[in-house]
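First residue of the sequence shown? That's 4 in the working numbering, and the numbers climb one at a time after it.
Even for Gly, the Cβ is constructed at its ideal location relative to N, Cα and C.
This report refers to the structure that appears directly beneath it.
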Amino acid sequence: MALFGWEKGPGLASGIKSFWGDQCFGSVSNGIIDGLAFGIIAIPLIQKAAASASLPPEILESWLVTVYVGGGLLSIFMALYYKLPIVGAWSIPGAFALAQVLGNYTFNEAVGGFFTAGVIVFLLGITGTIKLLVSKIPVPVMMAMVAGTLFGWGAKLVSSFQTAPVISLIGVAGYVISKKVMKKVPAVVGTMVFTLIGAIVMGQVNFVGIDWSIAKPVFIMPHFNFSACLSIGIPLALLVVCAENMQAIGVQIAIGRKPPVNAMTIISGIGGMLAPFGGGHNCNIAGPMTAWAALDECGDVDKRYVAAVWCGIVFAITGIFAKATMSLLNMLPMEATNVIVGLVLMSMIIGGLEDSFGTGKFKFGNFASFTIAVSGVAFFGIGSAFWALVVGTAVTLLLEKKDYDEMKSVFDDPHFAATAIEDTVDAA
Numbered sequence: 004m005a006l007f008g009w010e011k012g013p014g015l016a017s018g019i020k021s022f023w024g025d026q027c028f029g030s031v032s033n034g035i036i037d038g039l040a041f042g043i044i045a046i047p048l049i050q051k052a053a054a055s056a057s058l059p060p061e062i063l064e065s066w067l068v069t070v071y072v073g074g075g076l077l078s079i080f081m082a083l084y085y086k087l088p089i090v091g092a093w094s095i096p097g098a099f100a101l102a103q104v105l106g107n108y109t110f111n112e113a114v115g116g117f118f119t120a121g122v123i124v125f126l127l128g129i130t131g132t133i134k135l136l137v138s139k140i141p142v143p144v145m146m147a148m149v150a151g152t153l154f155g156w157g158a159k160l161v162s163s164f165q166t167a168p169v170i171s172l173i174g175v176a177g178y179v180i181s182k183k184v185m186k187k188v189p190a191v192v193g194t195m196v197f198t199l200i201g202a203i204v205m206g207q208v209n210f211v212g213i214d215w216s217i218a219k220p221v222f223i224m225p226h227f228n229f230s231a232c233l234s235i236g237i238p239l240a241l242l243v244v245c246a247e248n249m250q251a252i253g254v255q256i257a258i259g260r261k262p263p264v265n266a267m268t269i270i271s272g273i274g275g276m277l278a279p280f281g282g283g284h285n286c287n288i289a290g291p292m293t294a295w296a297a298l299d300e301c302g303d304v305d306k307r308y309v310a311a312v313w314c315g316i317v318f319a320i321t322g323i324f325a326k327a328t329m330s331l332l333n334m335l336p337m338e339a340t341n342v343i344v345g346l347v348l349m350s351m352i353i354g355g356l357e358d359s360f361g362t363g364k365f366k367f368g369n370f371a372s373f374t375i376a377v378s379g380v381a382f383f384g385i386g387s388a389f390w391a392l393v394v395g396t397a398v399t400l401l402l403e404k405k406d407y408d409e410m411k412s413v414f415d416d417p418h419f420a421a422t423a424i425e426d427t428v429d430a431a
């Protein structure tokens, strides 16, 4: 299956045949936790992005079920075909970058931008030019943009202490206790449990019935607006490639396997072109979830693909029953959700700052990128994520040409391969 540069793997038949025999407690349990932890904690992130554009409930529901089921199917297919711990999901930084500009366009126009991002990623994969393109944009400048885009959302954790100090303190205490004492429990899951308990004790839980009905997708026709395609399509495509695929590729290198770079990019492009018709911003290979499935606790390296398959199954189920999860989350006050979201994003922001300013290079370009992304400004109807990349790279070329000339592609940077798994454990 070498069409369009798609790397050949053992094949689906081989993966399906060996799947049940390769099961072990570590791979199954960690795969299920991977899918549940990231699946549940990420729903409020899309809720907030959708709220920024005042999207109706049926569109939010369609967005969720599309990206969760789509991401789950990517996991199952890629993990079984290559027998590697490759997980599919959607881009968290991408969702928050969109939140800054969704209100500037109709949702159909935004969907046109989503589709454009998928086309860009797909073309990068089939032409094999992904490495060339990424090598032109300094990775630290990209990561500064990611940190800046998420920063404002993470800062709401602090403001929650002003309006709901007790609940916020209990939520943070849950995070700390989980990190220090209950190390087998993902820290953000501990945060959710403690926050819920705190809200109940304070009498601030709105008890309502849980909606167990199956979430349904809604067909949405893309409308192509040039400004939306630039403002949404280009930043989202680069985030999928640089903030998601790069980490997942690094994970495969870190465990001693050769990653199918073109295939991981192509499948992310296909997911990015199909998901918009259900309102989803993308379905792509996911860096953090891939790293979790590749942990030593998931068993022998050759069998860790099992964790990725189970992760995909659980992730898809989470999307199918997204309304039940939203019902539970909607019981909590806004501050409680802000605490959970802030702590989810904290490690991503820290990682973005480390991978940008911590390198000691591209200092001016990183600062320009970070500042513009934090500002949320839009010029000519084009959002800050796009301008952060353009201006950050331009400043680097103008003031830091030596750093730019010495720049290597992210594929050759051992930092991302060496730290991908560790960063994911910290993020959870």
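Legend entry - Burial state of residue 23 (16 or more Cβ within 10 Å): For the purposes of this step, residue 23 is taken as the residue at position 20 of the sequence shown. Label assigned to residue 23: exposed.
Inset, instruction - Give the range of the alpha helix (DSSP H) segment to which residue 168 is assigned. - result: As a working note, residue 168 is residue 165 in the sequence shown. Looking at the DSSP string, the run of the alpha helix (DSSP H) that includes residue 168 is 168-183.
Legend entry - Alpha-carbon spacing of residue 419 relative to residue 20, whole angstroms: Looking up residue 419 in the sequence shown gives position 416. Looking up residue 20 in the sequence shown gives position 17. The predicted position of residue 419 is uncertain, since its pLDDT is 49 and thus under 50; no value can be drawn from it.
Inset, instruction - Look up residue 1 in the DSSP assignment and say whether it is helix, strand or coil. - result: Residue 1 falls outside the range modelled here, since the chain spans only 4 to 431, and no answer is possible.
Inset, instruction - May I ask you to report which of helix, strand or coil DSSP gives residue 140? - result: Taking the first residue of the sequence shown as position 1, residue 140 is located at position 137. Residue state, collapsed to three classes: coil.
Legend entry - residue 401 versus residue 171 - alpha carbon distance: By one-based count along the sequence shown, residue 401 stands at place 398. By one-based count along the sequence shown, residue 171 stands at place 168. Going by the C-alpha atoms only, they are around 44 angstroms apart.
Legend entry - Opening and closing residue of the alpha helix (DSSP H) in which residue 267 lies: Translated into positions along the sequence shown, residue 267 becomes position 264. Its alpha helix (DSSP H) spans residues 264-277.
Inset, instruction - Indicate the three-state DSSP secondary structure (helix, strand or coil) for residue 115 in the structure shown. - result: As a position in the sequence shown, residue 115 is number 112, starting the count at 1. Helix at residue 115.
Inset, instruction - Report yes if the C-beta distance between residue 141 and residue 399 is below 9 angstroms; otherwise report no. - result: Here the question's residue 141 lines up with position 138 in the sequence shown. Here the question's residue 399 lines up with position 396 in the sequence shown. In this structure, residue 399 lies closer than 9 angstroms to residue 141 by Cβ.
Legend entry - Span separating the alpha-carbon of residue 132 from that of residue 328: Counting from one through the sequence shown, the residue named residue 132 turns up at place 129. Counting from one through the sequence shown, the residue named residue 328 turns up at place 325. C-alpha separation (whole angstroms): 40 angstroms.
Inset, instruction - Mind the definition here: the stretch 263-276 touches the stretch 40-59 only if three or more C-beta pairs lie below 8 angstroms; say whether that holds. - result: no
Inset, instruction - For residue 427, collect the residues of the same chain with a Cβ closer than 6 angstroms to its Cβ; drop the 5 residues on either side in sequence, then sort them by chain order. - result: Along the sequence shown, read from residue 1 onward, the residue named residue 427 stands at position 424. Its pLDDT being 46, under 50, residue 427 is placed unreliably by the model, and the measurement read from it follows with that caveat. Closer than 6 angstroms at Cβ, skipping near neighbours: 291, 294 and 295.
Legend entry - Supposed close pair residue 103, residue 387 - CB separation, criterion 8 angstroms: Counting from one through the sequence shown, the residue named residue 103 turns up at place 100. Counting from one through the sequence shown, the residue named residue 387 turns up at place 384. About 6 angstroms separates the two Cβ atoms, so the contact holds.
Inset, instruction - Return yes when the Cβ of residue 181 is within less than 9 angstroms of the Cβ of residue 194, no when it is not. - result: As a working note, residue 194 is residue 191 in the sequence shown. As a working note, residue 181 is residue 178 in the sequence shown. For residue 194 and residue 181, yes; Cβs fall inside 9 angstroms.
Legend entry - Residue range of the unbroken alpha helix (DSSP H) whose run includes residue 234: Residue 234 sits at position 231 when you count from the first residue of the sequence shown. It is not in any alpha helix (DSSP H) - residue 234 carries neither H nor E in the DSSP assignment.
Inset, instruction - Could you tell me whether the stretch 52-69 touches the stretch 216-234, using the rule of 3 or more Cβ pairs below 8 angstroms? - result: yes
Inset, instruction - Tell me, please, which residues DSSP counts as bridged to residue 287. - result: By one-based count along the sequence shown, residue 287 stands at place 284. DSSP, once it has assigned bridges, lists 92 as partnering residue 287.
Legend entry - residue 81, enclosing alpha helix (DSSP H) - first and last residue: In the sequence shown, the residue the question calls residue 81 occupies position 78. Looking at the DSSP string, the run of the alpha helix (DSSP H) that includes residue 81 is 60-85.
Legend entry - Inter-residue CB distance, residue 316 and residue 75 (contact presumed, cutoff 8 angstroms): The sequence position of residue 316 within the sequence shown is 313, counting from 1. The sequence position of residue 75 within the sequence shown is 72, counting from 1. About 6 angstroms; that satisfies the 8 angstroms criterion.
Inset, instruction - Could you give the DSSP three-state label for residue 13: helix, strand or coil? - result: If you number the sequence shown from 1, residue 13 lands on position 10. It is coil, neither helix nor strand.
Legend entry - Cut-off 8 angstroms between Cβ atoms - residues of its own chain near residue 260, not counting five sequence neighbours on either side: The residue given as residue 260 occupies position 257 in the sequence shown. So the list reads 87 and 304, once near-sequence residues are dropped.
Legend entry - Nearest to residue 81 (by Cα), restricted to the options 10, 111, 285 and 115: Locating residue 81 in the sequence shown gives position 78, counting from the first residue. Closest option to residue 81, Cα to Cα, is 10.
Legend entry - Cα-Cα separation, residue 52 to residue 16: In the sequence shown, counting from the first residue as 1, residue 52 sits at position 49. In the sequence shown, counting from the first residue as 1, residue 16 sits at position 13. For residue 52 and residue 16, the distance between alpha carbons rounds to 39 angstroms.
Legend entry - Distance, residue 258 Cα to residue 298 Cα: On the sequence shown, position 295 is the one that residue 298 refers to. On the sequence shown, position 255 is the one that residue 258 refers to. Cα to Cα, the separation comes out at about 9 angstroms.
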